[in-house]
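Following: one structure in structure tokens, then a few remarks.
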Amino acid sequence: MLINTREVPTFAVIALGGCCWDYLGIIPHYPGVDQKVAIAELSMQGGGQAGTGAVAVARLGGKVAIVSRIGEDEFGRHIRETFEAEGVDTRWLMQVPGATSQWAFCAIDETTGKRTIFYIHGTKGKFTPEELDREAILDCRCLLVDGHHNVAAAQVVRWAQEAGVPVVLDLERRQDQDDVLLTRASHPVLPHKFALSYTGEGDVVAAGEALLAAGPQAVVITLGPEGAVGFDADGVIHQPAIPMEPIVDTTGAGDVFHGAFAYGVAMGHDLAENLRFSSAVAAMKCRMLGGRAGIPTMSEVQRLLSSGRPQRI
Ligand SMILES: Nc1ncnc2c1ncn2[C@@H]1O[C@H](COP(=O)(O)OP(=O)(O)O)[C@@H](O)[C@H]1O
Ligand SMILES: [Mg+2]
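Those letters in the sequence shown? Residues 0 to 312, by numbering that gives the first Met the number 0.
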């Protein structure tokens with residue numbers, strides 16, 4: 000019997016977007032210009048929105064592929080090796096000859112776990128729509144798309160909408176194609192600064208409602224330690240952040256939230272269930288230094304989650 004690949008996709012999640020190599024250091028305070036500060040703890044890990052989202056899916060047990068570009072350098076080698084060690088499929092991780100990879104230094108404030116990031120974009124460039132294969136990229140239960148390859152991302156989101164494949168969208172900075180991405184992706188999941196800036200609204204509920212009215216099935220706005228707010232046809236849900244001790248580093252909390260949320264969509268979670276699941280995964284990530292070290296396995300998340308569900312408001 001022939002198996003329809005749409006009904007049994009190869010991947011739970013395919014993640015299209017950025018990946019980089021992070022150096023992370025915990026510091027007692029931010030130094031002023033021309034001052035020095037000692038780093039208490041240093042770590043090197045893979046990073047990036049789609050890259051860390053993909054690793055979250057893999058850690059949770061989902062079959063996942065990364066669609067991204069790296070340079071021909073040592074950072075690119077580390078990026079690829081860590082994806083492979085995590086079980087992320089790298090068949091579409093393209094090494095660009097002679098190019099440099101994206102790199103970041105994240106300075107983590109010891110008291111709050113908040114991060115300040117210095118980064119180099121690298122010269123690996125962006126995918127063009129012609130470089131991506133429609134059939135291959137839709138062979139999943141859910142796409143995770145960040146704004147990194149924005150023109151190619153807009154094409155992918157159009158394809159996904161036509162084919163009925165859900166898309167979890169992660170945008171951090173305003174750029175071309177935002178309108179296409181935000182009206183056609185089924186699940187924009189946005190940090191609150193972006194949501195307020197894009198909509199011009201003064202509060203999160205008004206911003207979420209405006210974004211939902213433009214077309215998506217559901218919208219989520221994340222609020223860091225204040226949690227996340229979900230919007231769909233049934234109303235508005237506030238999911239508080241899941242309390243976690245200690246909060247060591249919030250770098251990548253949003254990236255991990257997105258990866259978990261995309262896997263939740265792939266598993267058929269409803270919005271309330273998925274907000275709770277993704278918040279638990281993101282909170283557990285904050286226990287350790289770096290975007291990826293603290294990402295839990297599925298059994299660790301299940302142990303953390305209590306039985307109550309958030310209420311609709
Ligand atoms: N201090 C924290 N404690 C527990 N959960 C957190 C904390 N900071 C962030 N999170 C979780 O991570 C999610 C995404 O964080 P946020 O800071 O909004 O995104 P980004 O990292 O993209 O800026 C939040 O909605 C929350 O669920
Ligand atoms: Mg983010």
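Using N, Cα and C, we set each Cβ at its ideal position, and we do this for glycine too.
Alpha-carbon to alpha-carbon, residue j and residue i
i, j, result
"F367", "G234", "The chain is shown only over 0 to 312; residue 367 falls outside these bounds and no answer can be derived."
"F193", "G229", "15 Å"
"V255", "T51", "6 Å"
"A279", "P187", "19 Å"
"G226", "L274", "9 Å"
"Q44", "L222", "25 Å"
"S42", "E129", "37 Å"
"R308", "Q238", "With a pLDDT of only 45 at R308, under 50, the local geometry of the prediction cannot be trusted, and no value is derived from it."
"Q301", "A159", "30 Å"
"G289", "D248", "7 Å"
"A209", "P190", "15 Å"
"D202", "G97", "45 Å"
"A11", "H268", "13 Å"
"D178", "M266", "28 Å"
"I13", "S305", "29 Å"
"D175", "S185", "19 Å"
"I294", "G258", "10 Å"
"Q310", "M243", "At Q310 the pLDDT is 40, less than 50, meaning the model places this residue with poor confidence; the figure from the coordinates comes in the next sentence. Using only the alpha carbons, I get a separation of about 21 Å."
"N3", "R133", "Since pLDDT at N3 reaches only 45, below the 50 mark, its modelled position is unreliable, and the value read off the structure follows with that caveat. Rounded to the nearest angstrom, the two C-alpha atoms are 16 Å apart."
"M0", "E6", "With a pLDDT of 42 at M0, under the threshold of 50, the modelled position of this residue cannot be trusted; read the value that follows with caution. When rounded, the distance between both Cα atoms is 14 Å."
"A106", "Q48", "17 Å"
"A232", "E161", "21 Å"
Near ligand 1: residue i beta-carbon under 7 Å from a heavy atom
i, result
"T221", "yes"
"A265", "no"
"M243", "yes"
"F256", "yes"
"A103", "no"
"P224", "yes"
"T249", "yes"
"G17", "no"
"A282", "yes"
"I25", "no"
"I38", "no"
"I107", "no"
"G207", "no"
"I65", "no"
"I246", "yes"
"G112", "yes"
"C285", "yes"
"A217", "no"
Member of the options whose CA lies at the smallest distance from the CA of residue i
i, options, result
"Q101", "I241, E80, I69", "I69"
"T111", "W91, Y29, V264", "Y29"
"L143", "A98, A282, P165, Q174", "P165"
"W20", "Q176, G251, R90", "G251"
"F71", "E6, K123, T115, G146", "It should be noted that the sequence gives Glu, not Phe, for residue 71. If we check each option's Cα against that of E71, K123 comes out closest."
"F82", "A265, K62, V204, P96", "K62"
"F117", "D231, Y22, L59", "Y22"
"G253", "A153, L168, G163", "L168"
"V264", "A217, K113, T296, A281", "A217"
"K125", "L195, S67, C285", "S67"
"R90", "I38, I119, A281, T9", "T9"
"A55", "L303, E272, F260", "F260"
"H77", "G46, A292, A212", "G46"
"C141", "A37, I38, A53, H120", "A53"
Ligand 2 heavy atom lying under 7 Å from the CB of residue i
i, result
"E171", "yes"
"G253", "yes"
"P190", "yes"
"Q48", "yes"
Distance cut-off 7 Å: residue i Cβ against heavy atoms of ligand 3
i, result
"A227", "This structure lacks ligand 3; the ligands present are ligand 1 and ligand 2."
Residue i - partner residues in DSSP beta bridges
i, result
"T115", "A106"
"T81", "According to DSSP, which records beta bridges pairwise, T81 is partnered with nothing at all."
"V228", "I220, H237"
"F10", "C139"
"V188", "V219"
"D21", "Q44, A103"
"I65", "A14"
"L92", "S67"
CB contact flag (residue i, residue j, <8 Å)
i, j, result
"A103", "E85", "no"
"I236", "L270", "yes"
"E109", "I241", "no"
"R183", "V156", "yes"
"C139", "I65", "no"
"E40", "G16", "no"
"L170", "G146", "yes"
"A153", "L181", "no"
"L59", "R79", "no"
"R173", "Y197", "yes"
"P245", "R286", "yes"
Min CB distance residue i to chain C below 8 Å
i, result
"V54", "Absent from the structure: chain C. Only one protein chain is present."
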